[in-house]
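*Asks:*
2 protein chains.
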Amino acid sequence: MGPKVKFTREQIIDAAFEIAQTEGIDGITMRKIAEKMGSSVAPIYVNFKSVDKLNEALIEKVISISRQLLMEENTGNPFRDIGNASLRFAMEYSVIFRDLVLKSGKYMRDYDEKIMPALIEEMQKDPELKGFTVDDLKTILLKMRIFQLGLSMMAANSFLPKEYSKQDMRDILSSTADDVIMSAKRKGFYNEEKSDS
Amino acid sequence: MGPKVKFTREQIIDAAFEIAQTEGIDGITMRKIAEKMGSSVAPIYVNFKSVDKLNEALIEKVISISRQLLMEENTGNPFRDIGNASLRFAMEYSVIFRDLVLKSGKYMRDYDEKIMPALIEEMQKDPELKGFTVDDLKTILLKMRIFQLGLSMMAANSFLPKEYSKQDMRDILSSTADDVIMSAKRKGFYNEEKSDS
DNA sequence: ACTCATATATAACATGTGTTATTTTACATT
DNA sequence: AATGTAAAATAACACATGTTATATATGAGT
Numbered sequence: 043m044g045p046k047v048k049f050t051r052e053q054i055i056d057a058a059f060e061i062a063q064t065e066g067i068d069g070i071t072m073r074k075i076a077e078k079m080g081s082s083v084a085p086i087y088v089n090f091k092s093v094d095k096l097n098e099a100l101i102e103k104v105i106s107i108s109r110q111l112l113m114e115e116n117t118g119n120p121f122r123d124i125g126n127a128s129l130r131f132a133m134e135y136s137v138i139f140r141d142l143v144l145k146s147g148k149y150m151r152d153y154d155e156k157i158m159p160a161l162i163e164e165m166q167k168d169p170e171l172k173g174f175t176v177d178d179l180k181t182i183l184l185k186m187r188i189f190q191l192g193l194s195m196m197a198a199n200s201f202l203p204k205e206y207s208k209q210d211m212r213d214i215l216s217s218t219a220d221d222v223i224m225s226a227k228r229k230g231f232y233n234e235e236k237s238d239s
Numbered sequence: 043m044g045p046k047v048k049f050t051r052e053q054i055i056d057a058a059f060e061i062a063q064t065e066g067i068d069g070i071t072m073r074k075i076a077e078k079m080g081s082s083v084a085p086i087y088v089n090f091k092s093v094d095k096l097n098e099a100l101i102e103k104v105i106s107i108s109r110q111l112l113m114e115e116n117t118g119n120p121f122r123d124i125g126n127a128s129l130r131f132a133m134e135y136s137v138i139f140r141d142l143v144l145k146s147g148k149y150m151r152d153y154d155e156k157i158m159p160a161l162i163e164e165m166q167k168d169p170e171l172k173g174f175t176v177d178d179l180k181t182i183l184l185k186m187r188i189f190q191l192g193l194s195m196m197a198a199n200s201f202l203p204k205e206y207s208k209q210d211m212r213d214i215l216s217s218t219a220d221d222v223i224m225s226a227k228r229k230g231f232y233n234e235e236k237s238d239s
């Protein structure tokens, strides 16, 4: 064998992640990664065939972080947890979040489509959402995913009012969830009344 | 004087706009613009001191287009019109919209802060929004701006369900506006009842 | 101690970019 | 028609980047 490995695949991804966090995904270059590690570019090319492959690996890491945040957010109310976890991710890794929405659109789309059915199932177990049809739940979920993305983008781009705190964001997310669910319930009640008469 | 001007400032901006529409704002280069016009880079530097100045001019054009779309959307309900105009812009110029939200965050922030008071004033005239306090209106407007941004980002990145049409987008925007306003009214009524008792 | 596989370093190449210096061209003024 | 001004073309420079070819260093197995 040869000499000891001084720069592992993980270290490289971590260095790339740090750069992406401050300068955006486009800010990543082979030389910057090398500089951050105190190496040359050679170890990077041993671990990754090209900068594109490296970016793929980076996105996998980001996805895994977001999944971990979701695990940590378990308050017993799965529907709300997803929104809060996504929001937390957007706030803590704002630069990467922005780029992720843009660059890896295809990846996120697939990811979304995969977890949608599981989400609907979780929602069906939720006492707060008792009595809704699956179509109702789909509409509610879509509305909340839209709102959550908008809120995250605003947070990531500092579009929100200056004095807006993290708690304010959680509050407005929760409040809008209330609005959507409450309105859906009222519409449901109206429909029941109509079908009863 | 010298020879006739063959490439005007406007033509340059238009060429840059076309490139931005297909390749994003980062896809703009001096040479690409020149190629698209069938010229060299020289005329560009006559009109713009640097690529940054050119980008500023491009953003001005984008803003003016978005303003024009807002003019066209006049249905007599100003609160709804803004959302629909923004949505239409996001759909028709999706690539540029995405980049605009990211790149010119500061510009948009200023723009937003400028029109906010005018928007609140318009909302106060809206019969649908009778009886709300200014704080209520601010919350409603913020919620709708968040939802509108989320919906626009989803549209621009094709995150929405495949079969989703433009009309579906307008509908869900309108429906969520209903939700938010209806909930705010109910909260208001509860408060009035409480203060009456 | 020697050898050799291999991790790392160094340096170069190719390409794309903004920018500028220089040259060429067109046309209004004289 | 001659001339000078300004527009446009050309070409070069400086720099950053991905990638690769070559050189060096290190440590395990003999």
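Here the protein sequences line up with chains X and H, keeping their order.
Using the working numbering, read the first sequence as starting at 43 and increasing by one per residue.
Using the working numbering, read the second sequence as starting at 43 and increasing by one per residue.
Think of the CB as a built atom: it goes at the ideal place given N, C-alpha and C, for glycine as much as any other residue.
Computed from a predicted model, the values in this text were never measured in an experiment.
#1: Does E141 (chain H) pass the burial test, meaning 16 or more other C-beta atoms within 10 Å, or should it be called exposed?
#2: Excluding sequence positions up to five away, which residues of its chain have a Cβ less than 8 Å from the Cβ of V104 (chain H)?
#3: How would you list, in chain order, the residues of chain H whose beta-carbon sits under 9 Å from the beta-carbon of I214 (chain X)?
#4: Compare the C-beta of D210 (chain X) with all C-beta atoms of chain H and state if any pair is closer than 8 Å.
#5: Would you mind reading off the limits of the alpha helix (DSSP H) that contains L111 (chain X)?
#6: Alpha carbon to alpha carbon, how far is F189 (chain X) from A99 (chain X)? Give it in angstroms, no decimals.
#7: Verify the CB distance criterion: does V143 (chain H) have a CB-CB separation below 8 Å to chain X?
#8: What is the DSSP secondary structure of T181 (chain X), counted as helix, strand or coil?
#9: When you compare only the Cα positions, how much space is there between T71 (chain H) and A62 (chain H)?
#10: Thinking just about the alpha-carbon of each residue, which of X:M158, X:K229, X:S217, X:L96 is nearest to the one in D56 (chain X)?
#11: Alpha carbon to alpha carbon, how far is D123 (chain X) from E114 (chain X)? Give it in angstroms, no decimals.
#12: Does the segment 203-221 of chain H come into contact with the segment 176-188 of chain X, if we say contact requires no fewer than three beta-carbon pairs (one atom in each stretch) closer than 8 Å?
#13: Give a yes or no on whether the C-beta atoms belonging to G173 (chain H) and G125 (chain H) are separated by under 8 Å.
#14: Shortest alpha-carbon distance to D152 (chain X) belongs to which of H:A160, H:A127, H:F131, H:F201?
#15: Alpha carbon to alpha carbon, how far is A219 (chain X) from D168 (chain H)?
#16: Going by beta carbon distance, what residues of the same chain come within less than 6 Å of F90 (chain X), once the five residues before and after it are set aside?
#17: Which residues mark the beginning and the end of the alpha helix (DSSP H) in which N89 (chain X) is found?
#18: Between R228 (chain X) and the rest of its own chain, which residues show a CB-CB distance below 6 Å, the 5 nearest in sequence each way excluded?
#19: Am I right that M258 (chain X) and Q53 (chain X) are in contact with their C-beta atoms under 8 Å? What's the rounded C-beta distance?
#20: Could you please give the first and the last residue of the uninterrupted alpha helix (DSSP H) stretch that includes N119 (chain H)?
#21: Just checking: is the beta-carbon of T71 (chain H) within a distance shorter than 8 Å of some beta-carbon in chain X?
#22: Quick check on G69 (chain H): does DSSP put it in helix, strand or coil?
#23: To the nearest whole angstrom, what separates the beta carbons of G192 (chain H) and L191 (chain X), a pair I think is in contact under 8 Å?
#24: Thinking I162 (chain H) and V176 (chain H) are a contact (beta carbons under 8 Å), I'd like their distance in whole angstroms, please.
#25: Pick helix, strand or coil for S81 (chain X), following the three-state DSSP scheme.
#26: Looking at the C-beta of M224 (chain H), does it have a partner C-beta in chain X at a distance below 8 Å?
#27: Given 7 Å as the limit, tell me if V93 (chain H) has its C-beta closer than that to any heavy atom belonging to the ligand GDP.
#28: Just to check my reading of the structure: A132 (chain X) and S194 (chain X) have Cβ atoms closer than 8 Å, yes? What is that Cβ distance to the nearest angstrom?
#29: Can you check which of these residues, X:R51, X:D94, X:I223, is closest to I246 (chain X) by C-alpha distance?
#30: Does the beta carbon of S200 (chain H) come closer than 8 Å to any beta carbon on chain X?
#31: Pull out every residue of the segment 85-105 of chain X whose Cβ sits closer than 9 Å to any Cβ of chain H, in chain order.
#32: How should R130 (chain X) be labelled, buried or exposed, when 16 other C-beta atoms within 10 angstroms of its C-beta is the threshold for buried?
#33: If we count the other Cβ atoms within 10 Å of its Cβ and call it buried at 16 or more, is D221 (chain H) buried or exposed?
*Replies:* So, to answer that:
#1: The displayed chain sequence assigns Asp, not Glu, to residue 141 (chain H). For D141 (chain H), the number of other beta carbons within 10 angstroms of its own is at least 16, and it is reported as buried.
#2: Around V104 (chain H): F59, Y135, I138, L142.
#3: The CB of I214 (chain X) comes closer than 9 Å to the CB of T181, L184, K185, I188 in chain H, given here in chain order.
#4: Not one chain H Cβ lies under 8 Å of D210 (chain X).
#5: It spans 93-114 - the alpha helix (DSSP H) in which L111 (chain X) sits, taken as one unbroken run.
#6: Distance between the alpha carbons of A99 (chain X) and F189 (chain X) is about 29 Å.
#7: For V143 (chain H), a Cβ of chain X is located within less than 8 Å of the residue's own Cβ.
#8: T181 (chain X) falls in the helix class under three-state DSSP.
#9: Rounded to the nearest angstrom, the gap between the Cα atoms of T71 (chain H) and A62 (chain H) is 10 Å.
#10: Comparing Cα-Cα distances from D56 (chain X) to each of X:M158, X:K229, X:S217, X:L96, the minimum goes to X:L96.
#11: Computed Cα separation, rounded: 9 Å.
#12: Yes, the segment 203-221 of chain H touches the segment 176-188 of chain X.
#13: In this structure, the beta-carbon distance from G173 (chain H) to G125 (chain H) does not fall below 8 Å.
#14: When only C-alpha atoms are compared, the closest one is H:F201.
#15: Rounded to the nearest angstrom, the two C-alpha atoms are 25 Å apart.
#16: Excluding sequence positions up to five before and after F90 (chain X), its CB lies within less than 6 Å of the CB of L96, all in the same chain and listed in chain order.
#17: Looking at the DSSP string, the run of the alpha helix (DSSP H) that includes N89 (chain X) is 84-89.
#18: Taken in chain order, the list of residues that qualify is empty.
#19: This structure does not reach residue 258 (chain X), given that chain X is present from 43 up to 239, and the question cannot be answered.
#20: Where N119 (chain H) is concerned, there is no enclosing alpha helix (DSSP H), given that its DSSP letter is neither H nor E.
#21: Residue contact check for T71 (chain H) against chain X: no CB pair falls below 8 Å.
#22: G69 (chain H) falls in the helix class under three-state DSSP.
#23: At roughly 4 Å, the Cβ-Cβ gap stays under 8 Å, so G192 (chain H) and L191 (chain X) are in contact.
#24: About 6 Å; that satisfies the 8 Å criterion.
#25: The answer is coil: DSSP assigns S81 (chain X) none of H, G, I, E or B.
#26: Closer than 8 Å: yes.
#27: By its list of ligands, the structure shown contains no ligand whatsoever, and the ligand GDP lies outside what it can speak to.
#28: 3 Å between Cβ atoms; contact.
#29: Because chain X spans 43 through 239 in this model, residue 246 (chain X) falls outside it and cannot be assessed.
#30: Yes, contact with chain X.
#31: Cβ proximity to chain H below 9 Å picks out nothing from the segment 85-105 of chain X.
#32: By the neighbour-count rule (16 or more Cβ atoms within 10 Å), R130 (chain X) is buried.
#33: By the 16-neighbour rule on beta-carbons within 10 angstroms, D221 (chain H) is buried.
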